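In our numbering, the protein residues as written are -11 to 281.
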């Protein structure tokens, strides 16, 4: 049984004429007749009483038409939706983005993307890079804009930009007069970090321990603004991405003697089939970063 046969049958029933149905569907009348005859053979039922001058449904034909009509209607809606999805006229993209990255990098991008693809919905999950990575690996999200780890066996990723880590201090701190700060010097300071389940917290521990050092972490917070306020009050020092502190007049930001670059990129589950909408978003943000590095 073919969809074409069902469409021909339905149109003959609706118009009450093989000739009108053929004209409406832009096919020859024999094509309509042959398709419906084949349908009757497959069903082993007579759908039309051909002894009448006009096509008259048999009892079986009337039952079949009544039952098949809502099915064809639903199928046509599905095909229309698929066409819209293919043409990016509708669809939903589930995106993870850490609040820090979202706040400082992407508001304009999201706005521009919506203007370009008004039919697409962005469903944002604001969470840290580690949690976002786990959700991507479980297939719960389409894509993530995250801090890309050095190794991620379960993810595919493309780096959008590299952001340096900088040491943030109060203008009254002695480091404020230095050109660079080393990890050895930082190990002697009171360190304020992001929360313990963040990628940057774990990167902090890793960078210190690679050098045989242990950081003196006195406080961790999920809020960058809290960290910046405490540092500005000279309660301690922090290591943060340059992009979140570069325009803050209350802080002095000093490069690390041993530079650390953080890759921010777009990631998705390895081997997954990206939707047309998700691929469009990836292409869009890649173009944006290429044009506005």
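Backbone N, C-alpha and C fix where the C-beta goes; we use that ideal spot for every residue, glycine too. Keep in mind the model is a prediction, meaning the values are calculated, not measured.
For the candidate residues the options, whose alpha-carbon lies nearest to that of residue i?
i, options, result
"residue 159", "225, 135, 198, 56", "225"
"residue 105", "216, 269, 18", "269"
"residue 94", "59, 149, 141", "149"
"residue 255", "55, 0, 128, 210", "128"
"residue -9", "18, 110, 67, 170", "67"
"residue 31", "21, 37, 52", "52"
"residue 120", "-5, 87, 98, 108", "87"
"residue 180", "218, 24, 63, 12", "218"
"residue 22", "117, 63, 6", "6"
"residue 133", "141, 145, 58", "145"
"residue 43", "71, 8, 56", "8"
"residue 184", "210, 38, 173", "210"
"residue 267", "234, 70, 74", "74"
"residue -11", "278, 236, 0, 26", "26"
"residue 282", "4, 126, 141", "Past the edges of the chain, shown from -11 to 281, lies residue 282, and the structure says nothing about it."
"residue 287", "99, 2, 18, 214", "Past the edges of the chain, shown from -11 to 281, lies residue 287, and the structure says nothing about it."
"residue 213", "76, 92, 142", "92"
"residue 76", "126, 173, 103", "103"
"residue 328", "141, 275, 173", "Here the chain covers residues -11 to 281 and nothing more, so residue 328 does not appear."
"residue 36", "236, 0, 12", "0"
Any idea if residue i is buried or exposed, counting beta-carbon neighbours within 10 angstroms, 16 or more meaning buried?
i, result
"residue 16", "exposed"
"residue 232", "buried"
"residue 147", "exposed"
"residue 264", "exposed"
"residue 161", "buried"
"residue 14", "exposed"
"residue 216", "buried"
"residue 177", "buried"
"residue 20", "buried"
"residue 70", "exposed"
"residue 290", "In the structure as shown, the chain begins at -11 and stops at 281. Residue 290 is therefore absent and cannot be evaluated."
Leaving out the 5 sequence neighbours to the left and right, which residues in its chain are closer than 6 Å to residue i when beta-carbon positions are compared?
i, result
"residue 238", "220"
"residue 199", "171"
"residue 101", "272"
"residue 122", "none"
"residue 182", "188, 189"
"residue 142", "125, 258"
"residue 62", "none"
Once you ignore the five residues that flank residue i on each side, which residues in its own chain have a CB closer than 8 Å to its CB?
i, result
"residue 34", "28, 46, 48, 49"
"residue 152", "229, 230, 243, 244, 247, 248, 249, 250"
"residue 164", "157, 158, 240, 242"
"residue 175", "196, 201, 202, 203, 204"
"residue 262", "130, 131, 256, 270"
"residue 193", "203"
"residue 60", "-6, -5, -2"
"residue 118", "185, 186, 187, 190"
"residue 10", "16, 17, 19, 20"
"residue 167", "242, 243"
"residue 287", "Examination of residue 287 is not possible in this model, given that the chain is present from -11 through 281 alone."
"residue 65", "none"
List the whole-angstrom C-beta distance separating residue i from residue j, where the pair is believed to meet the contact cut-off of C-beta under 8 Å.
i, j, result
"residue 257", "residue 124", "5 Å"
"residue 253", "residue 136", "4 Å"
"residue 116", "residue 187", "6 Å"
Counting only the same chain and skipping the five closest in sequence on each side, list residues whose C-beta sits under 7 Å from that of residue i.
i, result
"residue 169", "155, 163, 242, 244, 245"
"residue 331", "Here the chain covers residues -11 to 281 and nothing more, so residue 331 does not appear."
"residue 222", "158, 160, 161"
Q. Within the chosen definition, does the region 79 to 88 reach the region 102 to 117 through at least 3 CB pairs nearer than 8 Å?
A. yes
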